[in-house]
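Following: one structure in structure tokens, then a few remarks.
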Amino acid sequence: MSMSFGRGPRGPRVALLAAFLAVAAMSPAQAQVQRTFVNLGFEQPDLGTGACVGYFAGPQQVTGWNTTHPSRATGGCNIVANPANGPIIELWGNSFNNTPARAGKQHAELNADQASRIYQNICLTNNEVISWRLSHRGRDSATTPDVMSFGINPSGNTGTGVTSEIARIGTTNNGSDRVDTAGTPSSATQGTIAIGGTANGWRDYSGTFTYTGTTGVQQVGFAAVSSSGGISLGNFLDEIQVTLRPYVEFDAANYTVREGQSAGLPRLRVIGTVPTGGIVVPVRITGGTATRGTDYTVSNGNGNIVNVAIPAGTYDNATFDLPIAVVDDTIIEDNETATFQVQTDANAYTLTSTTTCSTSASVQATATLTIVDNDVDLRTSKRVDNGVPAAGGTVAYTVTFLNNTARPTVGDATAHDASVSLADAVPAGMTFTSWTCTPIGNATCPAGSGTGAISATAILPAGNAAAGAGLRYLIQAKLADGQCGAIVNTATATANAPFAEGASAQSGFVTPAPGGSADNSASVGVDPQCVSLSLKKDDGRGTYTPGGQSAYLLTACNPDGPDAAAGASIGDNLPRGASLRAGWSCRTLSGGGTCPAGGGAAGDTSVQVGNLQLPVGACVEVTVPVRFGAAPGDY
Numbered sequence: 191m192s193m194s195f196g197r198g199p200r201g202p203r204v205a206l207l208a209a210f211l212a213v214a215a216m217s218p219a220q221a222q223v224q225r226t227f228v229n230l231g232f233e234q235p236d237l238g239t240g241a242c243v244g245y246f247a248g249p250q251q252v253t254g255w256n257t258t259h260p261s262r263a264t265g266g267c268n269i270v271a272n273p274a275n276g277p278i279i280e281l282w283g284n285s286f287n288n289t290p291a292r293a294g295k296q297h298a299e300l301n302a303d304q305a306s307r308i309y310q311n312i313c314l315t316n317n318e319v320i321s322w323r324l325s326h327r328g329r330d331s332a333t334t335p336d337v338m339s340f341g342i343n344p345s346g347n348t349g350t351g352v353t354s355e356i357a358r359i360g361t362t363n364n365g366s367d368r369v370d371t372a373g374t375p376s377s378a379t380q381g382t383i384a385i386g387g388t389a390n391g392w393r394d395y396s397g398t399f400t401y402t403g404t405t406g407v408q409q410v411g412f413a414a415v416s417s418s419g420g421i422s423l424g425n426f427l428d429e430i431q432v433t434l435r436p437y438v439e440f441d442a443a444n445y446t447v448r449e450g451q452s453a454g455l456p457r458l459r460v461i462g463t464v465p466t467g468g469i470v471v472p473v474r475i476t477g478g479t480a481t482r483g484t485d486y487t488v489s490n491g492n493g494n495i496v497n498v499a500i501p502a503g504t505y506d507n508a509t510f511d512l513p514i515a516v517v518d519d520t521i522i523e524d525n526e527t528a529t530f531q532v533q534t535d536a537n538a539y540t541l542t543s544t545t546t547c548s549t550s551a552s553v554q555a556t557a558t559l560t561i562v563d564n565d566v567d568l569r570t571s572k573r574v575d576n577g578v579p580a581a582g583g584t585v586a587y588t589v590t591f592l593n594n595t596a597r598p599t600v601g602d603a604t605a606h607d608a609s610v611s612l613a614d615a616v617p618a619g620m621t622f623t624s625w626t627c628t629p630i631g632n633a634t635c636p637a638g639s640g641t642g643a644i645s646a647t648a649i650l651p652a653g654n655a656a657a658g659a660g661l662r663y664l665i666q667a668k669l670a671d672g673q674c675g676a677i678v679n680t681a682t683a684t685a686n687a688p689f690a691e692g693a694s695a696q697s698g699f700v701t702p703a704p705g706g707s708a709d710n711s712a713s714v715g716v717d718p719q720c721v722s723l724s725l726k727k728d729d730g731r732g733t734y735t736p737g738g739q740s741a742y743l744l745t746a747c748n749p750d751g752p753d754a755a756a757g758a759s760i761g762d763n764l765p766r767g768a769s770l771r772a773g774w775s776c777r778t779l780s781g782g783g784t785c786p787a788g789g790g791a792a793g794d795t796s797v798q799v800g801n802l803q804l805p806v807g808a809c810v811e812v813t814v815p816v817r818f819g820a821a822p823g824d825y
């Protein structure tokens with residue numbers, strides 16, 4: 191028998207044939223019913239390339255097949271027997287005794303050492319229609335047929351004969367159809383039979399019947415009735431194909447999908463054979479808070495029906511997603527639900543449990559999809575303590591990163607707890623000498639302190655019908671000594687996938703009004719004050735006489751800027767023995783500079799002139815009248 195194997199949608203394996211379909215069994219990932227016949231051409235185990243006959247234990251080495259034949263030594267065809275003893279199934283390979291297989295290179299001889307029955311344990315459903323096809327051949331005689339019975343036995347039955355016969359089939363070794371030497375044709379005991387053509391002494395048979403027994407695991411197989419050479423040999427069997435209507439149900443009761451993702455959509459589990467042309471399983475949308483077309487879309491279906499197309503194939507625990515897609519909108523909203531129910535179609539499939547073969551088994555006909563929102567509102571704010579520091583001076587920034595979103599009230603309450611990338615790069619002309627992080631609410635700082643740029647990922651939890659948690663950074667920064675140009679510093683919070691920045695809020699969902707992406711970043715500038723101040727002191731004299739008096743000049747200028755000196759000051763401490771003989775006075779010299787008209791008082795020993803306004807190129811002049819003490823001790 192020729193078979194092809196591949197991987198189906200989410201399923202372990204699928205064998206696709208032109209008409210009837212079969213698949214080789216593998217160990218399923220989870221408990222499931224058997225609805226597919228396996229190794230239907232007896233190609234396992236592989237008997238190699240030489241003509242030979244072998245006796246192997248089923249189902250350990252003859253995959254899928256059980257037998258009522260008594261145990262005996264196994265082996266042959268240079269294959270290591272495993273186990274060495276067991277109930278045997280006889281296999282012929284590579285045209286042994288000039289008898290080719292109907293398909294492939296191997297076939298079975300139903301009559302091994304003694305009369306027995308071979309079968310597979312299959313889950314059958316009461317009143318289901320089953321199609322079948324097989325090839326049969328006599329061994330020794332062109333006139334006396336080998337005869338077998340195709341039928342069903344209850345699970346656990348050990349008898350050699352069939353208890354519920356479906357068809358009685360007889361063939362000679364030249365392919366003539368008869369069940370006796372009188373020429374009585376093969377016949378269906380249940381349903382119909384079609385006697386097909388011949389090839390290499392083989393005759394093809396097919397038919398359909400309705401299973402009327404109890405739903406449950408049954409033995410479906412073949413038993414030798416007679417043989418031209420005696421009951422211990424004959425009845426060649428090959429190319430068996432049995433088509434069972436597939437079992438269908440949801441593979442879970444609940445599914446969760448986050449906006450922006452596709453994993454986790456509701457899916458149907460399919461076990462069994464889907465005929466040529468495939469089938470469509472309608473699933474009804476029965477309710478929920480999500481709205482079709484707004485919260486999710488359906489690519490195959492109309493109204494409240496979602497159509498799941500299952501291609502032709504034989505499926506063993508394969509799953510198929512419902513053809514829906516969750517809409518990735520920008521609305522901050524509550525988690526939402528949609529409920530579904532598989533509809534029945536007895537002509538195409540059976541809506542029943544795929545894990546337990548019983549009329550009392552619970553079928554997963556309904557499912558709930560929860561759509562988890564991924565939209566949040568992140569907010570960044572920043573301020574500086576001094577916007578016009580001196581060149582080479584220091585400033586302190588305060589940066590706040592906040593999740594301005596309320597948590598959902600349906601399903602996963604942590605859905606709005608956002609993963610956020612935080613960034614605050616150090617601009618040119620400045621260094622971050624240190625920073626500290628303080629949590630707001632139940633957030634956790636990635637690090638409590640550090641130096642240099644801030645670059646981290648943090649979880650910022652949402653709030654309870656209000657804004658959520660955040661982080662506050664206090665940054666100590668120093669300007670470069672020669673930095674005179676303005677510096678802009680920017681802090682940014684970016685939502686990490688699967689989270690996204692929301693632009694609006696769902697009506698009725700209590701959450702702060704979102705600011706969108708506009709407030710994800712915050713910038714603040716500082717403009718260092720750079721001036722070129724000069725101070726000249728002169729009285730035009732080189733010596734002074736004790737008890738005498740004099741006056742000297744202080745000239746303050748801002749010749750080159752580049753900024754105006756606003757609020758500059760002059761300080762001058764007089765030498766010992768000198769004091770003011772009157773208050774000082776100040777006047778504008780050039781460039782629009784201004785200063786207080788005067789200040790100080792007689793007897794002062796220092797000069798303090800404040801609030802000088804010196805535009806670029808401006809100068810002011812301060813006149814300081816002094817007297818000198820007459821006594822030597824004044825000095």
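Each residue of the sequence shown is one higher than the one before, starting from 191 at the first, in my numbering. Beta carbons are placed, not taken as given, at the ideal position from N, Cα and C, and that holds for glycine. Note that this is a predicted model, so its numbers are computed, not measured.
At least three beta-carbon pairs within less than 8 Å, the segment 268-284 to the segment 322-330: The count of Cβ pairs closer than 8 Å, one atom from the segment 268-284 and one from the segment 322-330, stays below three, leaving the stretches out of contact.
DSSP beta-bridge partners of Gln739: Mapped onto the sequence shown, residue 739 falls at position 549. Paired residues: Arg817.
Proximity below 9 Å, CB of Gly583 to CB of Leu669: For the purposes of this step, residue 583 is taken as the residue at position 393 of the sequence shown. For the purposes of this step, residue 669 is taken as the residue at position 479 of the sequence shown. Yes, these two residues count as a Cβ contact at 9 Å.
Cβ-based burial, Gly231 [other Cβ within 10 Å; buried from 16]: Start at 1 with the first residue of the sequence shown, and residue 231 comes out as number 41. The residue is buried, with at least 16 neighbouring Cβ atoms inside 10 Å.
N- and C-terminal bounds of the beta strand (DSSP E) containing Thr476: Position 286 of the sequence shown, counting from 1, holds the residue named residue 476. Element bounds for Thr476: Ile469 to Gly477.
Cβ shell of Ile644 (< 7 Å), same chain only, five flanking positions each side left out: Counting from one through the sequence shown, the residue named residue 644 turns up at place 454. Closer than 7 Å at the Cβ level, and outside the excluded window around Ile644, lie Leu612, Ala613, Asp614, Trp625 and Tyr663.
Minimum length 3: unbroken beta strand (DSSP E) runs contained in the segment 387-442: 392-400, 406-416, 426-433 and 437-440
Residue from Ser707, Leu802, Ser366 and Gly751 whose Cα sits closest to the Cα of Gly761: Counted from its first residue, the sequence shown places residue 761 at position 571. If we check each option's Cα against that of Gly761, Leu802 comes out closest.
Residue closest to Arg771, alpha-carbon to alpha-carbon, out of Asp563, Ser796, Cys785 and Gly419: Here residue 771 corresponds to residue number 581 of the sequence shown, with the count starting at 1. If we check each option's Cα against that of Arg771, Ser796 comes out closest.
Nearest-angstrom Cα separation, counted from Gln739 out to Tyr825: As a first step, residue 825 must be located in the sequence shown, where it is residue number 635. As a first step, residue 739 must be located in the sequence shown, where it is residue number 549. So the two alpha carbons sit approximately 15 Å from each other.
Alpha-carbon to alpha-carbon, Ala676 and Ala581: Your numbering for residue 581 matches position 391 in the sequence shown. Your numbering for residue 676 matches position 486 in the sequence shown. The straight-line gap from Cα to Cα measures roughly 11 Å.
Trp255 - partner residues in DSSP beta bridges: As a first step, residue 255 must be located in the sequence shown, where it is residue number 65. Partner(s): none; Trp255 has no beta bridge.
Nearest candidate by alpha-carbon position, reference Thr479, set Ala291, Thr634, Thr534 and Phe699: In the sequence shown, counting from the first residue as 1, residue 479 sits at position 289. Selected option, being the one with the closest Cα: Phe699.
Burial state of Ala219 (16 or more Cβ within 10 Å): Within the sequence shown, the letter at position 29 stands for residue 219. Confidence at Ala219 is low in this model, with a pLDDT of 47, below 50, so its placement is unreliable and the value that follows should be read with caution. When all chains shown are included, Ala219 counts as exposed.
Buried or exposed by the 16-neighbour rule on C-beta atoms within 10 Å, applied to Ser217: Reading the sequence shown from its first residue, position 27 is the one you call residue 217. Annotation note: pLDDT 33 at Ser217 (below 50); position unreliable, coordinate value reported separately. The residue in question, Ser217, is exposed, as its Cβ has fewer than 16 Cβ neighbours within 10 Å.
Inter-residue Cα distance where the pair is Tyr245 and Val498: Taking the sequence shown and counting its residues from 1, one reaches residue 245 at position 55. Taking the sequence shown and counting its residues from 1, one reaches residue 498 at position 308. Cα to Cα, Tyr245 sits roughly 45 Å from Val498.
Alpha-carbon to alpha-carbon, Gly819 and Gly730: For this step, residue 730 is matched to residue 540 along the sequence shown. For this step, residue 819 is matched to residue 629 along the sequence shown. Using only the alpha carbons, I get a separation of about 20 Å.
When Ser339, Tyr437, Thr684 and Pro815 are compared against Tyr505, the one with the closest alpha-carbon: Taking the sequence shown and counting its residues from 1, the one referred to as residue 505 is at position 315. Out of Ser339, Tyr437, Thr684 and Pro815, Tyr437 has the C-alpha closest to the C-alpha of Tyr505.
Assigned secondary structure, Leu211 (DSSP; H/G/I helix, E/B strand, else coil): Position 21 of the sequence shown, counted from the start, is the residue given in the question as residue 211. Model confidence at Leu211 stands at a pLDDT of 28, short of 50, so the residue's coordinates are unreliable and nothing is read from them.
Per DSSP, the bridge partner or partners of Gly715: Stepping through the sequence shown from its first residue, residue 715 is reached at position 525. Gly715 is bridged to Val678.
Euclidean distance between Cα positions of Ala633 and Cys627: Indexing the sequence shown from 1 puts residue 633 at position 443. Indexing the sequence shown from 1 puts residue 627 at position 437. Near 11 Å, if we compare the C-alpha coordinates of Cys627 and Ala633.
Buried versus exposed, by CB contacts within 10 Å (16 or more), Asp565: In the sequence shown, residue 565 corresponds to position 375, counting from 1. Buried, because 16 or more other Cβ atoms sit within 10 Å of the Cβ of Asp565.
Proximal residues to Ile461 (C-beta, below 7 Å), its chain only, five neighbours per side dropped: Indexing the sequence shown from 1 puts residue 461 at position 271. Taken in chain order, the residues that qualify are Gln222, Val223, Arg225, Pro436, Tyr437, Tyr505, Asp506, Asn507 and Thr544.
Inter-stretch contact (C-beta, 8 Å, three-pair minimum) for the segment 377-394 and the segment 362-369: yes
Uninterrupted beta strand (DSSP E) stretches inside the segment 299-347 (no shorter than 3 residues): 307-314, 319-327 and 336-344
Check whether Glu439 and Val517 have beta carbons under 9 Å apart: Here residue 439 is taken as the residue at index 249 of the sequence shown, counted from 1. Here residue 517 is taken as the residue at index 327 of the sequence shown, counted from 1. No.
Rounded straight-line distance, which links the Cα of Gly493 to that of Arg474: On the sequence shown, position 284 is the one that residue 474 refers to. On the sequence shown, position 303 is the one that residue 493 refers to. Distance between the alpha carbons of Arg474 and Gly493 is about 9 Å.
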